[in-house]
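K.L.:
So the protein lines, in turn, are chains A and B. Under the working numbering, the first residue of the first sequence is numbered 4, with each subsequent residue one higher. Under the working numbering, the first residue of the second sequence is numbered 31, with each subsequent residue one higher. Ideal Cβ placement from N, Cα and C applies to all residues, glycine included. All figures in this text were calculated on a predicted structure; none of them were measured in a lab. The structure is given below, and queries will be raised subsequently.
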Amino acid sequence: MSTVSPAGDEAVRLERFTTRIASGDQIEAGEWMPEQYRFEALRLIQMHANSEIMGALPEREWIPRAPTLARKMALTAKVQDEVGHGMLLYRVAETIGRPREEMYAELVEGRARFHNVFHYPAETWADVAIIQVFVDGAAMQTQGALRSCSYAPYSRVLKRICYEEDFHIQLGLDVWRALAEGTPAQRAMLQDALNRWWTPIIHFFGMPDRVSPHTEAMLAWRLKVKSNEELRQQFLRRFVPVILEYGLVVPDPGLRWLETEQRYEYTEPDWDELKRVGRNGGPKSAERLALRQSFYRQHAWVREALSRWSQAAA
Amino acid sequence: MEPGGGVTPRGVEAARRTEAPWVRTLEAADGVWAVFLQARRRDAHVHVGDVHAPDAEMALVLAKENYARRDPCVSLWVVPARAIRGTASDAADMFEPATDKSYRFGGSYRQQQRVYRGGYSAGPTEDDR
């Protein structure tokens, strides 16, 4: 008979777990973790996986309409990478305890969340440049920081993802440069796209952390490595110069660099819009989810054929 | 017990009881394959991730598409993830050397080389002055 009560045992495990993470150690798949950690890690990784899958859609719309064959091939490769990231991430989420089928069903039925930026339309070819540079650039700040997170399988996958995201940003900068150095109509198209995307991109990092209830627990467990505002500032420092370098206008008249504080001041966006969009209430949410659903149904025969093949071979 | 002789959860439990406490079986669903990639002939195969597939051939096809579409690869291995046995991560202590192992490293002997060579080339030391 053990002299340690189940509750006491749990407390010891929790303390050991917290100490390990505080010392910089990482948790492997299959190891004991507190339920709250499991919940938060799953929520984070599933949301990331969903966003990769849904994020492929706005750009996918431009594959048939890409202006040259080279751009079409590069864009196809990029979209393939994003779907591949989804596959890697669902697998990591599975190691924390949910089957992939279940998570995927939740996504296509509109019961799960994905990043706000993928609820908006990609109206012109310039939107593709904005998505590749600024949306992927924003995602790169978050994902780059999370490479040092406490869940080892997630951090390993993030290394591969960031490596591929770098290609996306470089590709985007090439599309961006071509348009920025192009005709007045092309420049106007680029500026218009930037204007429409600015607020969703500022929203991307989430509300400043004082309003976010999860932040402290997430930071302590290293499921979050930098605060929302730190990541937003990091993004602005890297990408505002890209806009100015090409003589385009930052769509926020309130944006200015505060030399003494070493940070950008910006106009507070409408956070209610972010909440609304996050609950699948964005301009393209319903349409993109419907597209996901219809493809999921259309491709059912592929999944069935795969399983029958193995049965036939057995 | 299930008919057909498949490994039931109970069977897995029984198998585990016979294993040492530091041996760990990867928890994975049926149809999960671990993928090992060899980038160049001179390199070892390294675990790069997993795929879901109904059999080994399809696992290799999916592994090629997911893990070998950009960077160099000369060979892929797929292994049912459940077949992998590893050391438990909380057993990492057993790799800690029980005694000083510095005698196994070349670096430990470099200081002696420096002293030896230094004796012939060095000028007067602080003590000589």
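Does chain B have any CB closer than 8 Å to the CB of Glu38 of chain A?
P.N.:
no
K.L.:
In whole angstroms, what is the alpha-carbon distance linking Gly34 of chain B and Ala50 of chain B?
P.N.:
With a pLDDT of 38 at Gly34 of chain B, under the threshold of 50, the predicted position of this residue should be treated as unreliable, and no value is reported.
K.L.:
Between which two residues does the alpha helix (DSSP H) harbouring Phe66 of chain B extend?
P.N.:
In the DSSP assignment, Phe66 of chain B falls outside any alpha helix (DSSP H) and within the unbroken beta strand (DSSP E) covering Val62 to Gln68.
K.L.:
Are the segment 79 to 94 of chain B and the segment 307 to 315 of chain A in contact at 8 Å, needing three or more beta carbon pairs?
P.N.:
yes
K.L.:
Taking three-plus beta-carbon pairs below 8 Å as touching, is the segment 35 to 52 of chain A in contact with the segment 84 to 101 of chain A?
P.N.:
yes
K.L.:
Quick one: measure Cβ to Cβ for Glu62 of chain A and Leu72 of chain A, integer angstroms, because I've assumed they're closer than 8 Å.
P.N.:
That belief does not hold up - the Cβ atoms of Glu62 of chain A and Leu72 of chain A are roughly 17 Å apart, past 8 Å.
K.L.:
So with Cβ pairs under 8 Å, would you call Arg94 of chain A a contact of chain B?
P.N.:
yes
K.L.:
Just to confirm, are Leu174 of chain A and Leu161 of chain A a CB contact at a threshold of 8 Å?
P.N.:
no
K.L.:
Count Cβ pairs between the segment 254 to 264 of chain A and the segment 53 to 62 of chain A that sit closer than 8 Å; are there 3 or more?
P.N.:
The answer is no - the segment 53 to 62 of chain A does not touch the segment 254 to 264 of chain A, with fewer than three Cβ pairs under 8 Å.
K.L.:
Does any residue of chain A bring its CB to less than 8 Å from the CB of Pro33 of chain B?
P.N.:
At Pro33 of chain B, the pLDDT of 38 sits below 50, so the modelled position is not reliable and the matter cannot be decided from this model.
K.L.:
Identify the contact partners of Pro84 of chain B in chain A, using a Cβ-Cβ distance below 7 Å as the criterion.
P.N.:
Leu309, Ser310, Trp312 and Ser313
K.L.:
Out of A:Glu168, A:Leu110 and A:Ser158, point me to the one whose CA is closest to Ser297 of chain A's CA.
P.N.:
A:Leu110
K.L.:
Given that Arg150 of chain A touches chain B, what residues does it touch there, using C-beta distances under 9 Å?
P.N.:
Correct list: empty, because the minimum Cβ distance to chain B is about 16 Å.
K.L.:
Give the DSSP-derived three-state secondary structure of Gly257 of chain A in the structure shown.
P.N.:
Looking at Gly257 of chain A - three-state DSSP - the assignment turns out to be coil, as it is neither helix nor strand.
K.L.:
For a cutoff of 8 Å on Cβ pairs, would you count Gly33 of chain A as touching chain B?
P.N.:
It does: the Cβ of Gly33 of chain A has a partner Cβ on chain B nearer than 8 Å.
K.L.:
Using 8 Å for Cβ pairs, my map puts Val104 of chain B next to Gln68 of chain B. What's the rounded Cβ distance?
P.N.:
5 Å
K.L.:
For Trp65 of chain A, which residues from the same chain have a beta carbon less than 7 Å from its beta carbon, with the 5 sequence-adjacent residues on both sides left out?
P.N.:
Leu78, Ala125, Trp128 and Val131
K.L.:
Within 8 Å (strictly less), CB to CB, does Leu90 of chain B reach chain A?
P.N.:
no
K.L.:
In angstroms with no decimal places, state the Cα-to-Cα distance between Ser26 of chain A and Arg19 of chain A.
P.N.:
A direct Cα-to-Cα measurement between Ser26 of chain A and Arg19 of chain A gives close to 11 Å.
K.L.:
Reducing DSSP to helix, strand and coil, say where Asp80 of chain B ends up.
P.N.:
strand
K.L.:
What do you reckon, are the CB atoms on Phe207 of chain A and His302 of chain A nearer than 8 Å?
P.N.:
no
K.L.:
Tell me whether the beta-carbon of Phe121 of chain A lies closer than 8 Å to the beta-carbon of Leu60 of chain A.
P.N.:
yes
K.L.:
Using 10 angstroms around the beta-carbon of Ile114 of chain B, count the other beta-carbons present and answer buried if the total reaches 16, otherwise exposed.
P.N.:
exposed
K.L.:
Between which two residues does the beta strand (DSSP E) harbouring Ser105 of chain B extend?
P.N.:
Ser105 to Pro110
K.L.:
Beta strand (DSSP E) containing Arg266 of chain A: first to last residue?
P.N.:
Arg266 to Glu268
K.L.:
Between the segment 265 to 281 of chain A and the segment 154 to 172 of chain A, are three or more C-beta pairs nearer than 8 Å?
P.N.:
no
K.L.:
Between which two residues does the beta strand (DSSP E) holding Arg2 of chain A run?
P.N.:
Absent from the model: residue 2 of chain A. The displayed extent of chain A is 4 to 317, so no value can be given.
K.L.:
List the residues of chain A that Leu56 of chain B touches, going by C-beta distances under 7 Å, in chain order.
P.N.:
Gly33
K.L.:
Does the CB of Ser5 of chain A have a neighbour CB from chain B at under 8 Å?
P.N.:
Because the pLDDT of Ser5 of chain A is 44, which lies under 50, any placement of that residue in the model is unreliable, and the number read from its coordinates should be weighed accordingly. Output row for Ser5 of chain A: interface = no.
K.L.:
Once the 5 residues before and after Tyr123 of chain A are set aside, which same chain residues still bring their CB inside 7 Å of it?
P.N.:
Same-chain partners within the cutoff: Pro203, Gly285, Pro286 and Lys287.
K.L.:
Got a sec, what are the start and stop residues for the beta strand (DSSP E) Thr129 of chain B sits in?
P.N.:
No beta strand (DSSP E) contains Thr129 of chain B, which DSSP labels as neither H nor E.
K.L.:
Per DSSP, what kind of secondary structure is Tyr154 of chain A in: helix, strand or coil?
P.N.:
strand
K.L.:
Go ahead and pull the three-state DSSP assignment for Gly284 of chain A.
P.N.:
helix
K.L.:
Rounded to whole angstroms, what's the CA-CA distance from Arg259 of chain A to Phe238 of chain A? Just pull it up for me.
P.N.:
Those two C-alpha atoms are separated by around 14 Å.
K.L.:
Which residues in chain B sit within 9 Å of Arg103 of chain A, going by Cβ to Cβ distance?
P.N.:
Ala59 and His82
K.L.:
Is there a Cβ of chain B sitting closer than 8 Å to that of Gly87 of chain A, yes or no?
P.N.:
yes
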